[in-house]
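All remarks here apply to the structure that follows.
Residue numbers (this note's numbering): 1 to 652.
Dropping the structure here:
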C-alpha cells in the first residue's frame, strides 16, 4: 500500500502535468481535490488554497461534482483551522449540492463533518443526530467503511458524555464492520476504543485484553506511532491494577517507539505515566524528573491540556515530599492553565450560539423573503403603528411624571427657603437635586419621543450664538462648581456670531454637550467652550486649535493619533458657518465608543465621575437637533483617559 507521503508526491507530479484547459480541466479538478484531502491535516493552509483552486476551476468549467467536493474540502480545512462558522457555511453548501446531484455518499460525508464541527464546539446534542443520519445513509447504501466510521464517531460522542456502556455498543458495531472488510487499522482502533471504555467502567483486565489485540495488529503493520499510543493506554490499565512494574515496562517501550517516530503528544502521556509509577514507589526525584521532561515537551508544543496535566502532577509530587513552596507554585500554574482552557470552552460555546443564531436569523430572513408584497407591506405598516404607539405611550408617561415632579421640586425649593437646621437643609438639597436630575431625564425622553414622531418644528429667529453660549454656561456653572470644575469661554473675534435658528433647540443641544463634559470629567478639571465664525475651509477644525493646543497635548499624552467620527451630514452646504465646540479633560473615548456615540440609548464604556444618571439620549438629541438645522456634529478623542471634543457646525 502506498504511504501518504508517496501519494502526495504522486499527486503533485500529476498536478504539474495538467492544465486548466477544457480537455484536462476535469482531471485537474479531481487531482486538486484529492491533494487537498490528503494535505488537510498536514498542511491546512496549502490544502485550503488547493480546494479554492478546485472550486474556481469547477465553477469556470461547470463541473458540479468537483464544485461540491471542493466545498467539502474547504469545510473540512476550516474546521481544522478552527474557523467554525466558515466551515459550517461551506459544508452546508456542499451537502445541498450533493442532495441536488443525488450523491447520498457525498451528503453523508458532508453532514458527518458538520457533526464533527458541533462535536468540537461541545454541542453533542447537535452532533449526535448528524452522525446518526450519516450512519443510516451509509448503512442503506452498503458503504461498510463509512458505516464503521460513523459508528465510531457516535461511540466517541457517547464516551465524551460519560455514557461508556452505550459507547461500547457502537465501538463493537464498528469493530464488526471493520472485521468484515478486513481493515486492520480499523480493527486495531476499535480494540483500543473498547479498551478505553472498559477501563473507564472499572474493568482494566478486560481493557488489557483488547489493547493487546490492537497492539499485535499494529506491530504486524509496522505502525510504531499508533503502537506507542496504545502502549501508553495499556500502561494506564496496569497502573490502575496496581502492577507498577508492567505499567513502567509499557511506558518505557512507548517512549522508545515514539522517539523513533518523532511524535510528541503521546510522548508526554508516556512520561506522565512514568512519573506516576515513580510517585507510587515514593521515588520523588525520579517522578519529578519525568514530569519535568513532560512539561518541557508540552511547552514546546504549546499544548495547554498537557501543561495543565504536568503542573498538576508536579504540584502533587512536591506536596508529597513536603516542598510546599514549589507545590504552591505549580498549583497556581495549573489553575492558570485550567482557567485558560475554561475560557476556550466558553469561547467555543459562544461561537456555537452565534452560529445557531446566524442560522436561525438566516432561516427567518428566508421566510420573510417568501412573503408576498402585500403581506410584507402589511407587516411594515403594523411595525410603524407599533413604533408610533410606543412613542405616544412614552410621551404620555413622561408628561404624567413631569407634572408631579415639578410640584415636588417647587415644594422642595420652598422648604429650602425656610429656616431649618443644617442636616434637614442637606436632605432638602438632596431632594431638590435628585428631582432635578429626574426632570432632566424625563425631558430627554419627551424630546426623543417628539423627534421620533416627527412632531418637532423649529421656531427660527436671529440671535448671537456667543451670547447664548455665555447664558448656557452661566446656568450650568453651579453644576460644575459641585465638582470644583471651571468652564472657560473662548470667543473668536469681537463681532457677534449671528445665526438664524431655533434659540431654544440650539441652547438645548449646547446644554447637553456641556452637561456631558461636566458629567464625564473628574473633579478640579477645566471645560472649554469656543464659538468661531468663518468661511468654509477658511479656518482649522476646532479640535486643531482648541484650548491652547489641547489636541496636541492629548496626543502627546496618549502617544497616538486621535480618532474622529463625524455624522454623515457633517459638511456645511453654506459657504459661511458658525462652529461651536466643547472640550473637556475627562475620561475620553475609544474607537468603538466613537462609532456609536450619537446613537440613541447608547451607554458608553466610561461612566459619569460623580455617579450622575444618564438615559443615553443626550448626544442623539444633539445630533437630531443639529440635523434639523442643516448642520453637522462630530466627536473627537485621542483615546480613553485623554478627554473629548464635540463640535457643531451651523450654516449662517
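Backbone N, C-alpha and C define an ideal beta-carbon position, used for all residues, glycine too.
- Shown here, residue 488 sits in a strand according to DSSP, grouped into three states.
- Within the segment 192-235, the runs of alpha helix (DSSP H) that reach at least 4 residues and sit entirely inside it are, in chain order, 204-221.
- The DSSP-derived three-state label of residue 263 is coil.
- A straight line joining the alpha-carbon of residue 289 with that of residue 339 spans about 26 angstroms.
- Taking residue 118 as the centre and dropping the five residues before and after it, the same chain places the C-beta of 124, 126, 127, 130 and 352 closer than 8 angstroms to its C-beta, in chain order.
- Contact check for residue 37 against residue 73 passes: the beta carbons are separated by less than 8 angstroms.
- Looking at the backbone, the Cα of residue 332 and that of residue 212 are separated by about 39 angstroms.
- For residue 651, the enclosing beta strand (DSSP E) covers residues 645-651.
- Taking 8 angstroms as the cut-off, the Cβ atoms of residue 155 and residue 170 count as close.
- Taking C-beta separations shorter than 6 angstroms and ignoring five residues to either side along the sequence, the partners of residue 188 in its chain run 214, 217 and 218, following chain order.
- Between residue 635 and residue 582, the C-beta gap is not smaller than 8 angstroms, which leaves the two residues out of contact.
- From the listed residues 133, 142, 120 and 148, the smallest Cα separation to residue 160 is found for 120.
- Rounded to the nearest whole angstrom, the C-alpha separation of residue 619 and residue 293 is 60 angstroms.
- A Cβ-Cβ contact shorter than 8 angstroms links residue 525 with residue 586.
- Annotation note: the segment 251-302 contains no uninterrupted beta strand (DSSP E) run of length 3 or greater.
- In this structure, residue 584 lies near residue 521, with their beta-carbon atoms less than 8 angstroms apart.
- When the beta-carbon positions are compared, residue 50 and residue 25 stay at least 8 angstroms from each other.
- Taking the Cα of residue 457 as reference, the smallest distance to any Cα among 629, 497 and 323 is reached at 629.
- Looking from the CA of residue 54, the closest CA among 66, 134, 638 and 429 belongs to 66.
- When the alpha-carbon of residue 153 is set against those of 183, 116, 185 and 182, the nearest one is in 116.
- For residue 530, the secondary structure class from DSSP, reduced to helix, strand or coil, is strand.
- In this structure, residue 232 lies near residue 266, with their beta-carbon atoms less than 8 angstroms apart.
- Under the DSSP assignment, residue 635 falls in the beta strand (DSSP E) whose first and last residues are 632-637.
- As DSSP reads the structure, residue 41 sits in no beta bridge.
- In this structure, residue 460 and residue 502 form a Cβ contact; the two beta carbons are roughly 6 angstroms apart against a cut-off of 8 angstroms.
- For residue 335, the secondary structure class from DSSP, reduced to helix, strand or coil, is helix.
- Residue 9 and residue 336 have their C-alpha atoms some 44 angstroms from each other.
- As a beta-bridge residue in DSSP terms, residue 460 pairs with 502.
- Looking at 517, 500 and 515, the one whose alpha-carbon comes closest to that of residue 577 is 500.
- Straight-line measurement puts the Cα of residue 86 at about 58 angstroms from the Cα of residue 471.
- Boundaries for residue 589: no alpha helix (DSSP H) harbours it, and the DSSP string shows neither H nor E there.
- Burial of residue 234 is indicated by the presence of at least 16 other C-beta atoms within 10 angstroms of its C-beta.
- Distance from the CA atom of residue 324 to the CA atom of residue 310, rounded to whole angstroms, is 17 angstroms.
- When DSSP states are grouped into helix, strand and coil, residue 583 belongs to the strand group.
- Nearest Cα to residue 626 within the set 98, 334, 507 and 122: 507.
- Assignment of residue 483 by DSSP, reduced to helix, strand and coil, places it in the coil class.
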